[in-house]
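Quick notes on the structure that follows.
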Amino acid sequence: MPIRNIAIGGVQEEVTHPSALRAALAEFISTLIFVFAGSGSGIAFNKLTDNGATTPSGLVAAALAHAFGLFVAVSVGANISGGHVNPAVTFGAFLGGNITLLRGILYWIAQLLGSVVACFLLSFSTGGLVTSFTLCLTKWV
0 MPIRNIAIGG
10 VQEEVTHPSA
20 LRAALAEFIS
30 TLIFVFAGSG
40 SGIAFNKLTD
50 NGATTPSGLV
60 AAALAHAFGL
70 FVAVSVGANI
80 SGGHVNPAVT
90 FGAFLGGNIT
100 LLRGILYWIA
110 QLLGSVVACF
120 LLSFSTGGLV
130 TSFTLCLTKW
140 V
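Residue numbering for the sequence shown follows numbering that gives the first Met the number 0, starting at 0 and increasing by one per position.
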């Protein structure tokens with residue numbers, strides 16, 4: 000990868016420009032939707048099936064909920080910010096020269112804040128319910 004593709008960006012052009020702020024807001028909303036839909040479905044399935052979220056059907060339900068959540072999240076932000084939703088995707092776009100470093104940092108902040116706000120909304124809306132967490136410990140015979 001040529002180093003000339005990586006750009007820092009200027010503060011005036013990147014951070015304070017309305018299109019950059021609109022794109023960061025799109026990343027915030029997209030990440031909020033993805034985390035809320037994915038984790039919320041896990042909480043709901045766990046509540047409905049009495050800790051059945053770790054069964055094969057629970058894993059399939061969680062995977063489908065995350066897939067639909069990701070589809071909606073990317074659809075919301077694709078035309079505005081590129082629909083990164085994931086900080087790793089944003090980092091790849093930066094390394095590929097598609098976005099500048101300052102815009103990438105702006106996206107990262109928006110994505111992290113979106114996931115935190117989604118967790119707070121889930122905690123508030125479910126009364127503090129949590130998903131079950133089980134390590135995959137397999138007994139080898």
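Think of the CB as a built atom: it goes at the ideal place given N, C-alpha and C, for glycine as much as any other residue.
With C-beta atoms as the reference, is A64 less than 7 Å away from S40?
Here residue 64 refers to the residue found at position 65 when the sequence shown is read from its first residue. Here residue 40 refers to the residue found at position 41 when the sequence shown is read from its first residue. Cβ atoms of A64 and S40: closer than 7 Å.
With A109 and E26 assumed to form a contact (beta carbons below 8 Å), what rounded beta-carbon distance in angstroms separates them?
Taking the sequence shown and counting its residues from 1, the one referred to as residue 109 is at position 110. Taking the sequence shown and counting its residues from 1, the one referred to as residue 26 is at position 27. Approximately 4 Å separates the beta-carbon atoms of A109 and E26; this is inside 8 Å, confirming the contact.
Status (buried if at least 16 other CB within 10 Å, exposed otherwise) for K138
Here residue 138 refers to the residue found at position 139 when the sequence shown is read from its first residue. For K138, the predicted structure reports a pLDDT of 49, less than 50, and the residue's modelled location is therefore unreliable. A value from the coordinates is still provided. Per the 10 Å Cβ criterion, exposed.
When the Cα atoms are used, what is the spatial distance from T30 to G81?
Here residue 30 is taken as the residue at index 31 of the sequence shown, counted from 1. Here residue 81 is taken as the residue at index 82 of the sequence shown, counted from 1. Using only the alpha carbons, I get a separation of about 13 Å.
Selection from T48, F93, S18 and A61 that minimises the alpha carbon distance to F33
Sequence index remark: in the sequence shown, residue 33 carries index 34 (1-based). Among T48, F93, S18 and A61, the Cα nearest to that of F33 belongs to A61.
Output the distance between the C-alpha atoms of F123 and V73, rounded to the nearest integer angstrom.
The residue labelled residue 123 in the question sits at position 124 within the sequence shown. The residue labelled residue 73 in the question sits at position 74 within the sequence shown. For F123 and V73, the gap between their C-alpha atoms comes out near 25 Å.
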